[in-house]
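Novice:
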Amino acid sequence: MGYTLCVIGCGTMGVAILSGVVDTLKWPSPFPNGITHSSPSGVSTPVPTLATVPDESLPSRFIACVSRDDSVRKLKRTFDALGGLGQSIQFIAGHNVESVAQADIIILCSKPHQAEGILTAHGMAAALEGKLLISILAGVKISQMRDWVPASTRLIRAMPNTPCKIREGMTVLSSPDAELHTPVHVLARDKEICTSIFSSIGRARFLDEKHFDACTALSGSGPAFACIFLEAMADGGVMMGLPRAEALELAAQTLQGAARMTLQEGAHPAAIKDTVTTPGGCTIAGVLMLEDGRVRSTVARAIQVATERASELGQPAKPAGYRHHHH
Ligand SMILES: NC(=O)C1=CN([C@@H]2O[C@H](COP(=O)(O)OP(=O)(O)OC[C@H]3O[C@@H](n4cnc5c(N)ncnc54)[C@H](OP(=O)(O)O)[C@@H]3O)[C@@H](O)[C@H]2O)C=CC1
Ligand SMILES: O=C(O)[C@@H]1CCC=N1
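The sequence shown begins at 13 in the working numbering and counts up by one.
1) Please give the ranges of any alpha helix (DSSP H) in the segment 294–331, keeping only runs that are unbroken, at least 4 residues long and fully inside the region.
2) So, is residue 61 buried or exposed, given that buried needs 16 or more other C-beta atoms within 10 angstroms?
3) Any idea what DSSP makes of residue 198, helix, strand or coil?
4) With residue 75 as the anchor, note down where its beta strand (DSSP E) starts and where it stops.
5) Using a threshold of 7 Å, is the CB atom of residue 187 nearer than that to any non-hydrogen atom of ligand 1?
6) Would you kindly report the start and end of the unbroken beta strand (DSSP E) that includes residue 166?
7) For residue 167 versus residue 216, is the C-beta spacing smaller than 8 Å?
8) Got a sec: does ligand 2 put a non-hydrogen atom nearer than 7 Å to the Cβ of residue 263?
9) What does DSSP give as the partner residue(s) for residue 19 in the beta ladder?
10) Given this structure, state the Cα-to-Cα distance separating residue 162 from residue 245, to the nearest angstrom.
11) Can you tell me the Cα-Cα spacing of residue 22 and residue 148, whole angstroms?
12) Counting only the same chain and skipping the five closest in sequence on each side, list residues whose C-beta sits under 6 Å from that of residue 249.
13) Our contact map puts residue 284 next to residue 273 with C-beta atoms below 8 Å; I'd like the distance itself, whole angstroms only.
14) Check residue 87 in the structure and name its three-state DSSP category.
15) Are there any heavy atoms of ligand 1 lying less than 7 Å away from the beta-carbon of residue 214, as far as the coordinates show?
16) For residue 182, which of helix, strand or coil comes out of DSSP?
17) Nearest by alpha-carbon distance to residue 342: which of 146, 223, 239 is it?
18) Any heavy atom of ligand 2 closer than 7 Å to the CB of residue 228?
19) Quick check on this structure: which residue in 26, 32, 14 has the alpha carbon closest to the alpha carbon of residue 178?
20) According to DSSP, is residue 214 part of a helix, a strand, or is it coil?
21) Pull up the CB-CB distance for residue 228 and residue 157, whole angstroms please, since I reckon it's below 8 Å.
22) Using beta-carbon positions only, say whether residue 164 and residue 128 come within less than 8 Å of one another.
23) For the segment 308–316 against the segment 105–113, do three or more pairs of beta-carbon atoms, one drawn from each stretch, fall closer than 8 Å, so that the two count as touching?
24) Please report the distance separating the alpha-carbon of residue 319 from that of residue 262.
25) Determine the contact status of residue 176 and residue 115, defining contact as a CB-CB distance below 8 Å.
26) Among residues of its own chain, excluding the 5 on either side of residue 53, which ones have a beta-carbon nearer than 6 Å to its beta-carbon?
27) So if I measure from each beta-carbon to every heavy atom of ligand 1 and keep distances below 6 Å, which residues remain?
28) Tell me the DSSP secondary structure of residue 284 in three-state form.
29) Residue 47 by DSSP, collapsed to three states: which one?
30) Whole angstroms are fine: how far does the CA of residue 159 sit from the CA of residue 267?
31) Per DSSP, what kind of secondary structure is residue 144 in: helix, strand or coil?
32) Over what stretch of residues does the alpha helix (DSSP H) that includes residue 276 continue unbroken?
33) Check each candidate in 28, 150, 26, 29 and name the one with the smallest Cα separation from residue 233.
34) Tell me whether residue 325, by its Cβ, gets closer than 7 Å to a heavy atom of ligand 2.
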């Protein structure tokens, strides 16, 4: 019943993915779009539907690997704070090979430059034989990883983002191109498992690997960009006298609402903007200020530059900080 998932490298993203996936065992449908009921107060709360029939496409046992003992202590505290979610996870420092050997599926969540060392460590090849390895590393191509793992290891690339932690993630997945002449082909079952894992913690879709750097910039880095806009909107509210906490709530819920109109109703962003923009009103006054500030091209260029930088991650001779001025 079920299978074992090993996360190698359990920092920001390892924790986000694990806490999201472990949460699915308690709450099969994601909150707040899952099964809800109205309490007497009229507030909808999710119903903890304990999965009586286990979803075979989701893991049932978890191993989280880090390199330092101190990280294990921190992880235990983190997961305890998440309400005992950590009980289903084994946290292990310094034993990647043994952990991979016990697992069916491995998600590599280390920093890009650590991948080669981890995957080519003594004994790792044997532990990886015949297994599915999912890498979330920015900038590291499937063809590069191919050289570090045995021929029988099936490789899938994923680009998730931090909202996976609250099961509102966006994950792009890619399996090797046919022309890569991979010794083993990713199985249909592997793709289904990846889709199950990442759909259980948000949205997931397959795209060609050539788009990965753009996805890294858009959805991988995106939460940071969105939060700059969010913070700036709240700052404007604070400037006009709103208390900080309420300003943040208004900004966050407004961004969520606008985004959901696009996602759930397929509303075009321009149409949403047009319905808000009363002729001669305050919205158009604000819109023109944003246009004067070249907000559109600035945001779009940020994605462009982040894509370019993503393509350099995990590649030799392009260390962090080498770029002293932008072009
Ligand atoms: N942060 C983000 O929003 C996103 C990041 N990514 C990608 O995810 C990856 C991880 O990023 P992030 O979570 O931010 O990084 P972190 O630095 O937070 O996490 C890295 C983890 O790897 C562990 N680690 C390091 N060396 C080893 C080793 N030899 N064996 C086992 N574990 C090891 C670290 O533990 P210890 O300290 O104990 O060594 C740490 O837990 C990156 O490749 C990044 O490109 C992708 C999408 C979004
Ligand atoms: O900034 C980074 O390099 C990583 C990849 C995507 C999000 N964070």
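Backbone N, C-alpha and C define an ideal beta-carbon position, used for all residues, glycine too. The model shown is predicted, which means the values in this text are computed figures rather than measured ones.
Specialist: Walking through what the data contain:
1) 294–304, 307–324
2) The predicted model places residue 61 with a pLDDT of 45, which falls under 50 and marks its position as unreliable, so this point remains unresolved.
3) coil
4) 73–78
5) no
6) 166–171
7) no
8) no
9) 76, 119
10) 50 Å
11) 12 Å
12) 259
13) 6 Å
14) helix
15) no
16) strand
17) Lying before the first or after the last residue shown, residue 342 is absent from the chain, which here runs from 13 to 339.
18) yes
19) 32
20) strand
21) Wrong, their Cβ atoms sit about 16 Å apart, outside the cutoff.
22) no
23) no
24) 31 Å
25) no
26) Per-residue confidence for residue 53 stands at a pLDDT of 41, beneath the threshold of 50, marking its modelled position as unreliable; no derived number is given.
27) 20, 21, 22, 23, 24, 25, 26, 77, 78, 79, 80, 83, 108, 121, 122, 123, 124, 126, 130, 148, 149, 150, 171, 172, 173, 174, 232
28) helix
29) Low confidence applies here, because residue 47 scores a pLDDT of 36, under 50, leaving its location unreliable; read the following figure in that light. Residue state, collapsed to three classes: coil.
30) 43 Å
31) strand
32) 256–277
33) 150
34) yes
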